[in-house]
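Asks:
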Amino acid sequence: MRPDSIDSITAEVVSRHLLSIAEEMAATLIRTSFSANTKERADCSAAVFDRRGRVVAQAHRVPLHLGSMLGAVSAIIERFPVQKITPGDMFVVNDPYTGGGSHLPDLNIIAPVFREGTIVAYVANIAHHADVGGMVPGSEAAVCRSIFQEGLRIPPVRILRAGRINQDVFDMILLNSRTPDERSGDLKAQFAANTVGVNGVQALFDRYGANTDPAIDAYLQFTRRRFEAAIGRVRPGVYRVEDFLDGNEPGEKARIALELTVSQNRLTFNFAGTAPQLTWARNIPRQALIATVYTVAKSLLDPDVPANAGYFDTMEISAPTGSIVQPVAPAPVGCRGISCGVLGDVIAMALSQAMPDRTLAACGPHHLVIFAGPDQSGDGYFVNYETIAGGMGARSYRDGMDAVRVHASGAANLPIEALEHAYPLRVERYALRDGSGGLGTYRGGSGVVREYRALVDGIVVSLSAERQHVAASGAQGGTAGALGQFVMNPGAVNERTLRSAESEVPLPRGERLAIWTPGGGGYGDPQAREADAVARDVLERRCTTEEYKSKGTV
1 MRPDSIDSIT
11 AEVVSRHLLS
21 IAEEMAATLI
31 RTSFSANTKE
41 RADCSAAVFD
51 RRGRVVAQAH
61 RVPLHLGSML
71 GAVSAIIERF
81 PVQKITPGDM
91 FVVNDPYTGG
101 GSHLPDLNII
111 APVFREGTIV
121 AYVANIAHHA
131 DVGGMVPGSE
141 AAVCRSIFQE
151 GLRIPPVRIL
161 RAGRINQDVF
171 DMILLNSRTP
181 DERSGDLKAQ
191 FAANTVGVNG
201 VQALFDRYGA
211 NTDPAIDAYL
221 QFTRRRFEAA
231 IGRVRPGVYR
241 VEDFLDGNEP
251 GEKARIALEL
261 TVSQNRLTFN
271 FAGTAPQLTW
281 ARNIPRQALI
291 ATVYTVAKSL
301 LDPDVPANAG
311 YFDTMEISAP
321 TGSIVQPVAP
331 APVGCRGISC
341 GVLGDVIAMA
351 LSQAMPDRTL
361 AACGPHHLVI
371 FAGPDQSGDG
381 YFVNYETIAG
391 GMGARSYRDG
401 MDAVRVHASG
411 AANLPIEALE
421 HAYPLRVERY
431 ALRDGSGGLG
441 TYRGGSGVVR
451 EYRALVDGIV
461 VSLSAERQHV
471 AASGAQGGTA
481 GALGQFVMNP
491 GAVNERTLRS
501 AESEVPLPRG
511 ERLAIWTPGG
521 GGYGDPQARE
531 ADAVARDVLE
541 RRCTTEEYKS
551 KGTV
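Just so we're aligned, residue 1 is where the sequence shown starts under UniProt numbering, counting upward by one.
(1) By how many angstroms is the C-alpha of Thr292 removed from the C-alpha of His407?
(2) Could you tell me the alpha carbon to alpha carbon distance between Asn108 and Ile338, rounded to whole angstroms?
(3) Starting from the C-beta of Arg240, find all residues in its chain whose C-beta is less than 6 Å away, skip the five residues before and the five after it, and write them out in chain order.
(4) My output table needs one value for Ile324: the three-state DSSP class, helix, strand or coil.
(5) Which of the three DSSP states, helix, strand or coil, is assigned to Ile110?
(6) Is Asn384 buried or exposed, if buried means 16 or more other CB atoms sit within 10 Å of its CB?
(7) Opposite His17 in the DSSP bridges: which residues?
(8) When DSSP labels each residue in this structure, what does Pro365 get in the three-state scheme?
(9) CA-CA distance, Val493 and Glu511?
(10) May I have a chain-ordered list of the beta strand (DSSP E) segments no shorter than 3 residues that lie completely inside the segment 47-129?
(11) How far does the beta strand (DSSP E) with Ile486 in it extend, from its first residue to its last?
(12) Between Leu368 and the rest of its own chain, which residues show a CB-CB distance below 6 Å, the 5 nearest in sequence each way excluded?
(13) Under 8 Å Cβ to Cβ from Pro250, same chain only, skipping five residues before and after it: list those, please.
(14) Report yes if the CB atom of Gly481 is closer than 9 Å to the CB atom of Ala362, and no otherwise.
(15) Give me the residue from Arg443, Arg467, Val470 with the minimum Cα distance to Gly522.
(16) So, are the CB atoms of Leu19 and Ala57 less than 9 Å apart?
(17) Three or more C-beta pairs under 8 Å: does that hold for the segment 288-304 against the segment 60-76?
(18) By DSSP, does Met25 sit in helix, in strand, or in coil?
(19) Quick check: the segment 324-337 against the segment 272-285, are at least 3 beta-carbon pairs closer than 8 Å?
(20) Report the three-state DSSP secondary structure of Tyr294 (helix, strand or coil).
(21) In angstroms with no decimal places, state the Cα-to-Cα distance between Glu547 and Met488.
(22) Which ranges would you report for the beta strand (DSSP E) in the segment 427-480 if only whole runs of at least 3 residues count?
(23) Name the two residues that bound the continuous beta strand (DSSP E) containing Arg315.
(24) Using a 10 Å radius around the Cβ and a threshold of 16 neighbouring Cβ atoms, would you call Ser446 buried or exposed?
(25) On the three-pair Cβ rule with 8 Å, is the segment 171-190 touching the segment 120-128?
(26) Below 9 Å between beta carbons: does that hold for Gly435 and Ala475?
(27) Span of the alpha helix (DSSP H) holding Ala514?
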């Protein structure tokens, strides 16, 4: 049966059913997981793929995970002949260079869906595990100089065979983690989530039978046509932009360059001119690059278009091999999520030139802090992985959002109550960061201040960030957002500022660490901001009267 023989109602119902399966998978993973990073922060995703490996439904969680799951499913299909896969098999993979992953803490679990002895689909989920080994607790640190330092690399391998755990692979993963009990619980939660997905997809095929595949094809075609129409509303042309990550040495900058070509029904992203790959773990592997492009383009052109493979083919992405945005092994890639915050700004700036009415100023990406040390019982070890949100840039029609993960990232904050219950830490301040958003006709979003105190001896912290040297720029006359900063013992006589890449810095009992995340850039001339909005900004301490006076606003 051909896709054009399927009526639009059936295609819509099937697609919504698939989306509900993906959402149920994600909910199962969150509800059954052990770690705070998954059950509290929801740093996980789930998706359904067709038999060809095309994503047809993705739960609304972390967009950056899309690239990793796409790569992992493709790697499974390429590596394992279908006749050697049996019902109940599941596969695990995390490696960016041999398995389509995007960094090592993200463990992809893939399961085939069988019907009448044939694979009809795949389900996949991904959870960010708080530690998978490596030189730094948390397995993600900008200071790593090689992927071999970042943790356990897993090519596509079976972790379940016919429904039974492959204990050899399972034990290998646990042995390489500083927190094996958490890894065991989270992996089993991932197995449960995929089991829910397999059962759901099988029930869907049982219900619609031969119509299921054509309905999926019809929905992907609809998605493509809708996104092509969105591209058709964009001004054709060639648009060039650039922004910068921290370089290999203090004070150096590493360029991300983009030439965007908008033509009829097509977007071409060419990253020629981007700096060579870095010796620090700020590189962006291919799967993270494509996920960020897909996400930012969707959010600016048509936020409501379905998140499936139907619109991917409308975009062509090229990047120099061996560059920041397409590194080669053994380049480290652990902090690709923070770098993708800057990459997202580059993509948004190029699209903003083509769509001035939807301009988005540059944003403040999240900052990463990983605490590790003896747990509260004194008998074990903990690793607490946290990402602290920054501020979104202002748009051409409204203020930027405060305290938000930008572009393709998306995990939640760790609630204070959950953190203090699980770890020997106390949060003494958690607030919007006054004055961090750039000024403009529309103000940039504010970053965050989050301050921790150590309650036991032996804790160390590892830190990674961008936008501590290159601020989020404003647009059309708006000013830049504030730079981020890591500060030890703020306001005390022994206050000191830490670098944007640190590993295992001692945090003695009683001492404090503050994270000040960057703000987003403003949009438009600050003098054009409405008087009521200026008064509200001053009242809320987002900005002082003096700062606005310096721009001639009040």
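For every residue, glycine included, the Cβ atom is placed at its ideal position computed from N, Cα and C.
On a predicted model such as this, the values are computed, not experimentally measured, just so you know.
Replies: According to the structure data:
(1) Here residue 407 corresponds to residue number 407 of the sequence shown, with the count starting at 1. Here residue 292 corresponds to residue number 292 of the sequence shown, with the count starting at 1. The straight-line gap from Cα to Cα measures roughly 7 Å.
(2) As a first step, residue 108 is located in the sequence shown; it is residue number 108 there, counting from the start. As a first step, residue 338 is located in the sequence shown; it is residue number 338 there, counting from the start. If you take the alpha carbons of Asn108 and Ile338, they lie about 20 Å apart.
(3) In the sequence shown, the residue the question calls residue 240 occupies position 240. For Arg240, where only same-chain residues beyond five positions count, the Cβ hits under 6 Å are Glu259.
(4) Mapped onto the sequence shown, residue 324 falls at position 324. It is coil, neither helix nor strand.
(5) Reading the sequence shown from its first residue, position 110 is the one you call residue 110. It is a strand residue.
(6) To locate residue 384, count along the sequence shown from 1; it is residue 384. Flag for Asn384 reads buried.
(7) Position 17 of the sequence shown, counted from the first residue, corresponds to residue 17. In DSSP, His17 forms no bridge with anything.
(8) Your numbering for residue 365 matches position 365 in the sequence shown. Pro365: coil per DSSP, three-state reduction.
(9) Locating residue 493 in the sequence shown gives position 493, counting from the first residue. Locating residue 511 in the sequence shown gives position 511, counting from the first residue. Computed Cα separation, rounded: 12 Å.
(10) 55-58, 90-93, 106-115, 118-128
(11) Position 486 of the sequence shown holds residue 486. Correcting the residue type first, residue 486 is Phe in the shown sequence and not Ile. Looking at the DSSP string, the run of the beta strand (DSSP E) that includes Phe486 is 485-488.
(12) Locating residue 368 in the sequence shown gives position 368, where the first residue counts as 1. So the list reads Thr387, Ser464, once near-sequence residues are dropped.
(13) Residue numbering aside, residue 250 sits at position 250 when the sequence shown is read from its first letter. So the list reads Arg499, once near-sequence residues are dropped.
(14) Counting from 1 along the sequence shown, the entry for residue 481 is found at position 481. Counting from 1 along the sequence shown, the entry for residue 362 is found at position 362. Cβ atoms of Gly481 and Ala362: closer than 9 Å.
(15) The sequence position of residue 522 within the sequence shown is 522, counting from 1. Of Arg443, Arg467, Val470, the residue nearest in Cα terms is Arg443.
(16) By one-based count along the sequence shown, residue 19 stands at place 19. By one-based count along the sequence shown, residue 57 stands at place 57. Closer than 9 Å, so yes.
(17) yes
(18) What you label residue 25 is simply residue 25 of the sequence shown in a count that begins at 1. Note: Met25 maps to helix in three-state DSSP.
(19) yes
(20) Locating residue 294 in the sequence shown gives position 294, where the first residue counts as 1. Here Tyr294 sits in helix by DSSP.
(21) Walking along the sequence shown from the start, residue 547 turns up at place 547. Walking along the sequence shown from the start, residue 488 turns up at place 488. Those two C-alpha atoms are separated by around 28 Å.
(22) 448-454, 460-464
(23) Position 315 of the sequence shown, counting from 1, holds the residue named residue 315. With the sequence shown as reference, residue 315 is identified as Met, and Arg is not the correct amino acid for it. Segment 315-318, the beta strand (DSSP E) holding Met315.
(24) Counting from 1 along the sequence shown, the entry for residue 446 is found at position 446. By the 10 Å Cβ count, Ser446 comes out buried.
(25) yes
(26) As a first step, residue 435 is located in the sequence shown; it is residue number 435 there, counting from the start. As a first step, residue 475 is located in the sequence shown; it is residue number 475 there, counting from the start. Not in contact: Gly435 and Ala475 (Cβ atoms no closer than 9 Å).
(27) Translated into positions along the sequence shown, residue 514 becomes position 514. Run containing Ala514: none in the alpha helix (DSSP H); it sits in the beta strand (DSSP E), 512-516.
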